[in-house]
Structures are given as structure tokens and as C-alpha cells.
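Asks:
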Amino acid sequence: EKGSFSKSKLKGEYIRYHSNGNIEYIGSYNNLGEESGVIQYFYKNGNLALEYTMKNAHLNGKLTRYFEDGSLKTSILFSEEGNIIESKILEKKLPEKKIVNAGNNTDNPPNLKNPKTKGVKFNFFGYNKVYNENDEIWMDGIFKNGQLWDGKVYRYDRDGILKRVLVYKNGKYHSDGQL
């Protein structure tokens with residue numbers, strides 16, 4: 047890691063490295079210790095994972111996420127106030143695989159296309175409560191880059207009865223929660 051602290055807050059340029067020595071994160075911090083300017087995250091292989099611009103503690107301009115191979119995954123355009131102007135989510139074309147039981151794949155949290163948050167602005171980098179089409183809680187927790195990072199996914203049967211609670215930690219399935 048390379049960076050400066052002032053009054054226990056990051057200030058100026060900050061660089062964090064992966065265990066293999068490649069850069070993981072490059073960002074700048076203002077006098078308040080907030081991200082400012084262009085922020086970049088990188089995969090272990092050195093490819094860009096995420097790039098966005100922060101201005102006055104708001105996302106500003108374009109946020110782009112990439113797949114590990116470098117192809118575009120998500121492109122979101124923000125106003126100066128941090129509101130979403132335009133959003134484009136691309137799906138990676140993967141080789142066709144035979145799926146044994148798709149209903150129980152719990153490694154990664156479900157992908158969000160249009161999060162339903164009941165009038166509250168969706169926070170790409172913070173706490174959200176997301177609802178399904180039946181107004182039942184679907185995801186509840188901390189989101190990072192628009193994906194559930196630490197929290198719960200609620201699964202219901204067709205009658206709306208809660209059947210399973212999946213707990214996610216660091217963006218991966220951790221365990222089943224209590225019903």
C-alpha cells in the first residue's frame with residue numbers, strides 16, 4: 047500500500063496492491079478523506095475491473111465495470127448530483143455448459159437488472175433493501191459496485207411463503223440463515 051494519512055483520513059493518491067504485486071486499487075482522496083476524481087479497481091491479472099469518477103462525494107459521469115477478460119460488463123452514466131442518467135448492463139457470452147441443478151446455484155448473489163427499492167434511491171456502494179415483483183424482501187444488505195456484498199437473499203415459493211434465507215459474505219455464499 048502507498049498513501050498518506052492526515053488526521054487518520056486518507057489524503058492524496060492511494061494505491062493498494064494484490065498479493066501478486068499487481069495494482070488492486072488507485073484512487074485520490076480530498077481533504078475530507080473522501081474519494082475524489084478517477085477511481086480504479088483492477089483484477090489480479092492486471093485488467094481493469096471498475097472505473098468511476100467521484101466529485102463532491104457523489105458518483106459523477108461514467109461508471110464502467112469490466113469482466114476479468116477486459117470486455118465491458120456495465121456502463122452507468124451519473125449526473126453531477128449522483129443520479130443515474132443511463133444504465134447499460136451487458137451479459138458475457140459463456141460457452142454452453144450442462145447445468146445439473148440451476149435452482150441451487152448459490153455461489154454468487156443474483157444479478158440485479160432494475161432493483162426495486164420502494165421509492166428509496168438504490169445505493170451502488172452501501173446499504174439497500176431490494177424487493178421482488180410481489181413486494182417481498184428479496185435482498186437486504188450492503189452492496190458493493192451494485193452487487194450484494196454482505197447480506198441476505200430471501201427465496202419464496204410460488205405462494206409467497208419464505209423457504210430459504212441465503213447469507214452472503216464478501217460477495218460469496220456463506221451459509222443458510224434462519225427462517
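Sequential numbering of the sequence shown, starting at 47, is according to our numbering.
Built from N, CA and C at the ideal position, the CB exists for glycine as well.
Computed from a predicted model, the values in this text were never measured in an experiment.
#1: Buried or exposed, going by whether 16 or more other CB atoms sit within 10 Å of the CB of N157?
#2: How close, in whole Å, do the beta carbons of W184 and N191 come, if the pair is a contact with beta carbons under 8 Å?
#3: Can you list, in chain order, the stretches of the beta strand (DSSP E) that have 3 or more residues and sit fully within the segment 51-96?
#4: Given that a residue counts as buried once 16 or more other Cβ atoms are within 10 Å of its Cβ, and exposed if not, what is L225?
#5: So the candidates are S121, N77 and S133; which of them puts its Cα closest to the Cα of K102?
#6: Excluding five sequence neighbours on each side, which residues of the same chain lie with their C-beta closer than 6 Å to the C-beta of Y79?
#7: Hey, out of D205, N174 and Y202, whose CA is closest to D196's CA?
#8: Consult DSSP for I122 and reduce its assignment to one of helix, strand or coil.
#9: Cα-Cα, which of T99, K53 and N160 is closest to M125?
#10: Could you give the first and the last residue of the continuous beta strand (DSSP E) run that contains T110?
#11: Under the assumption that Y87 contacts E114 (Cβ atoms under 8 Å), give the Cβ distance between them as a whole number of angstroms.
#12: My assumption, with CB atoms under 8 Å, is that S74 sits in contact with S82. Please give the rounded CB distance.
#13: Based on the DSSP output, what are the partners of I188 in its beta bridges?
#14: CA-CA distance, D222 and G172?
#15: Taking C-beta to C-beta, are G165 and E182 nearer than 8 Å?
#16: Which whole-angstrom value is the C-beta distance of L212 and V199, which I expect to be below 8 Å?
Replies: From the atom records:
#1: exposed
#2: With a Cβ gap of about 18 Å, W184 and N191 do not count as contacting.
#3: 55-63, 69-75 and 81-88
#4: exposed
#5: The sequence shown places Asn at residue 102, not Lys. Measuring from the Cα of N102, the nearest candidate turns out to be N77.
#6: The residue asked about is misnamed: residue 79 is Gly in this sequence, not Tyr. Excluding residues within five positions, the ones whose Cβ falls inside 6 Å are K55 and L56.
#7: N174
#8: strand
#9: A quick correction: the sequence has Ser, not Met, at residue 125. Ranking T99, K53 and N160 by Cα distance to S125 puts T99 first.
#10: G107 to Y112
#11: The Cβ separation is near 12 Å, so there is no contact.
#12: 5 Å
#13: Y173 and D196
#14: 22 Å
#15: no
#16: 4 Å
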